[in-house]
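Quick note on this note's numbering: the sequence shown kicks off at 7 and runs consecutively.
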Amino acid sequence: MRIVHVLGTRPNFVKMALVIAAVATELPDAEQVVVHTGQHYDRMMSQIFFEELGVPEPDHMLEVGSGSHAQQTARVMERLEPLLVDSRPDLVVVPGDVNSTMAASLTAVKLGIPVAHLESGLRSFDRSMPEEVNRVLTDAISDHLYIHSEDARRNLSSEGIPDEKIHMVGNTMIDSLVALEDRFRALDACSGHGVNPGEYLLVTLHRPALVDGPLLFEAVEALERVATRMPVLFPVHPRTKARLAGREAAGPGLKLIDPVGYLEFLSLEADAGAVLTDSGGIQEETTYLGIPCFTLRANTERPVTIELGTNVLLGLDPARITGIPDLIAERSGDRPTPPPFWDGRAAYRIADHIAGLAP
Ligand code: UD1
Ligand code: UDP
């Protein structure tokens, strides 16, 4: 069996690392080909994840880089197509909801190659989010839909996707966290940044709806106010850094730093007093870790994180940020039982399913 995995961005690497490892152990005769589209390319957005998660070097680098949605999508399709024509895989695996995901699934399906979509069925019901368009399109054309929550099954069913295509496998992003838990728990990364466990707010913000306009500056001003009450540590995504250029405000207590590696980030997350984010993956990781999470968005495609009580939707409203220290004080601090199948074994369920597809 020949399997092509197409990865492009920081969260893709985290979601796929253990899948590649599980397929290698469970299907030793299968040939795995890893294609890196190059959507993310900075060392701290890409290479570091391969090193820390022990993912083999990609077999192909498409080097699509940054660009408009159409440019990025078109470059992935143009560069991936000849490679799929040459190698004629039995399966193409795509994770998540980024442009590389949608472009790769469309390229494969037009060549008649079956597609497996990992992290299928999530819906924010907000088509102004580029990721929502990628999710809906990828799910509509994929053959095997791997889900990690029951709401995903309901969403897919309501779009007319037959149940036999849908497979509850669990959460591979949590697999990666579980696999590295001993290492990141031993790191004590926060002391390297001059903050104490349980006392600081960890921040990540990168969604266009927030950072591509004036709301970003309102958010930074609100964080300056929070920093007078608790230290704030903000590893800044490159999209956000580009938008902030020249206006990098930072009062005492507010530290803006470059993106950090995966181990360091997990250590900072696990020791945080709370997290403020608009990331999808970080809403899930904080749920698993039992860390209070405040999501600066109008909606979430991950309602289970709200239901379990770790995640609170603040709305797309930077003014709410200043209330976070008081909101933390109101939280119970109990670590919830993670959702079913968020257990560190999802990649093995995927490998089992793929094994059943062997010709
Ligand atoms: C992309 C995904 C988003 C995901 C995020 C994860 C899409 C539509 N968006 O958003 O769903 O949550 O990745 O982090 O696919 N840049 C660099 N270095 C890099 C990568 C990006 O400097 O290694 C800068 C460039 O200025 C680029 C900008 O970041 O224009 C945005 O990158 P892009 O990949 O287009 O989207 P993200 O915002 O990263
Ligand atoms: N992450 C990281 N370093 C950082 C910020 C995030 O390693 O400085 C990790 C985080 O632990 C999670 C993933 O990146 O596993 C989330 O990626 P991101 O927020 O970029 O994408 P999203 O999940 O929103 O698509």
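For every residue, glycine included, the Cβ atom is placed at its ideal position computed from N, Cα and C.
In this text, all values refer to a predicted model and were calculated from it rather than measured experimentally.
- Item | Assigned secondary structure, I360 (DSSP; H/G/I helix, E/B strand, else coil) | Mapped onto the sequence shown, residue 360 falls at position 354. Three-state DSSP puts I360 in a helix.
- Task: Figure out for me which residue from C299, V39, E227, P331 has the closest Cα to the Cα of D65.
- Result: The residue given as residue 65 occupies position 59 in the sequence shown. The shortest Cα separation from D65 among C299, V39, E227, P331 belongs to V39.
- Message: Assess contact between the stretch 167 to 185 and the stretch 207 to 220, defined as three or more Cβ pairs (one per stretch) separated by less than 8 Å. Is contact present?
- Response: no
- Message: Could you check whether the Cβ of N305 sits closer than 7 Å to any heavy atom belonging to the ligand UD1?
- Response: In the sequence shown, the residue the question calls residue 305 occupies position 299. No, the ligand UD1 has no heavy atom inside 7 Å of this Cβ.
- Task: Leaving out five residues on either side along the sequence, give the residues of the same chain with a beta carbon under 6 Å from the beta carbon of L50.
- Result: For the purposes of this step, residue 50 is taken as residue 44 along the sequence shown, with counting starting at 1. According to the sequence provided, residue 50 is Met. The question's Leu does not apply to it. Around M50: P265.
- Would you kindly work out how many angstroms separate the C-alpha atoms of F240 and V25, rounded to a whole number? Indexing the sequence shown from 1 puts residue 240 at position 234. Indexing the sequence shown from 1 puts residue 25 at position 19. Roughly 30 Å between the two C-alpha positions.
- Taking the continuous beta strand (DSSP E) assigned at L320, which residues delimit it? Counting from one through the sequence shown, the residue named residue 320 turns up at place 314. L320 -> no beta strand (DSSP E), and no H or E assigned at all.
- Query: alpha helix (DSSP H) containing R249: first to last residue?
  - Reply: By 1-based counting over the sequence shown, the position of residue 249 is 243. Its alpha helix (DSSP H) spans residues 244 to 250.
- Message: According to DSSP, simplified to helix, strand and coil, what is A36?
- Response: Start at 1 with the first residue of the sequence shown, and residue 36 comes out as number 30. A36: coil per DSSP, three-state reduction.
- Message: Between which residues of its own chain and A280 is the CB-CB distance below 6 Å, once the five residues before and five after are set aside?
- Response: The count along the sequence shown starts at 1 and reaches residue 280 at position 274. L207, P298, I334.
- Message: Under DSSP, the beta strand (DSSP E) around P241 begins and ends at which residues?
- Response: For the purposes of this step, residue 241 is taken as the residue at position 235 of the sequence shown. First-last of the beta strand (DSSP E) with P241: 238 to 241.
- Task: Could you name the residues of the same chain whose beta carbon sits closer than 7 Å to that of K21, not counting the 5 residues immediately before and after it, in chain order?
- Result: Here the question's residue 21 lines up with position 15 in the sequence shown. Leaving aside the five residues that flank K21 on each side, the residues in its chain whose CB is nearer than 7 Å to its CB run, in chain order, P101, G102, L124, E125, T178, M179.
- Distance, Cα to Cα, R133 vs V139? On the sequence shown, position 127 is the one that residue 133 refers to. On the sequence shown, position 133 is the one that residue 139 refers to. Their Cα atoms are separated by approximately 6 Å.
- Message: Closest to T293 by C-alpha separation, out of L282, L59, P344, D149, would be which residue?
- Response: For the purposes of this step, residue 293 is identified with residue 287 of the sequence shown, where counting begins at 1. The option with the nearest alpha carbon to T293 is P344.
- Task: Express the C-alpha separation of G259 and T31 in angstroms, rounding to a whole number.
- Result: Against the sequence shown, residue 31 aligns to sequence position 25. Against the sequence shown, residue 259 aligns to sequence position 253. It is roughly 47 Å from the alpha-carbon of T31 to the alpha-carbon of G259.
- Where V121 and K247 are concerned, what is the direct C-alpha to C-alpha distance, given to the nearest angstrom? What you label residue 121 is simply residue 115 of the sequence shown in a count that begins at 1. What you label residue 247 is simply residue 241 of the sequence shown in a count that begins at 1. Taking the straight line joining both Cα atoms gives about 35 Å.
- Query: Is the closest heavy atom of the ligand UD1 to the C-beta of H173 under 7 Å?
  - Reply: Here residue 173 is taken as the residue at index 167 of the sequence shown, counted from 1. For the ligand UD1, not one heavy atom lies less than 7 Å from the Cβ of H173.
- Message: If you measure from each CB to the nearest heavy atom of the ligand UD1 and keep those under 7 Å, what residues do you get, in chain order?
- Response: Having a Cβ closer than 7 Å to some heavy atom of the ligand UD1 are T15, R16, P17, Q45, H46, Y47, D48, M51, S52, S72, H75, Q78, D103, V104, N105, S106, P136, E137, N140, H212, P214, H243, P244, R245, A248, S285, G286.
- Task: Could you check if Q289 is buried or exposed, using at least 16 other CB atoms within 10 Å of its CB as the buried criterion?
- Result: Along the sequence shown, read from residue 1 onward, the residue named residue 289 stands at position 283. Buried.
- Endpoints, the beta strand (DSSP E) within which F300 is located: Within the sequence shown, the letter at position 294 stands for residue 300. Taken as a continuous stretch (DSSP letters only), the beta strand (DSSP E) holding F300 covers 299 to 301.
- Query: Between G127 and V310, what straight-line distance do the alpha-carbon atoms span, to the nearest angstrom?
  - Reply: Here residue 127 corresponds to residue number 121 of the sequence shown, with the count starting at 1. Here residue 310 corresponds to residue number 304 of the sequence shown, with the count starting at 1. The straight-line gap from Cα to Cα measures roughly 13 Å.
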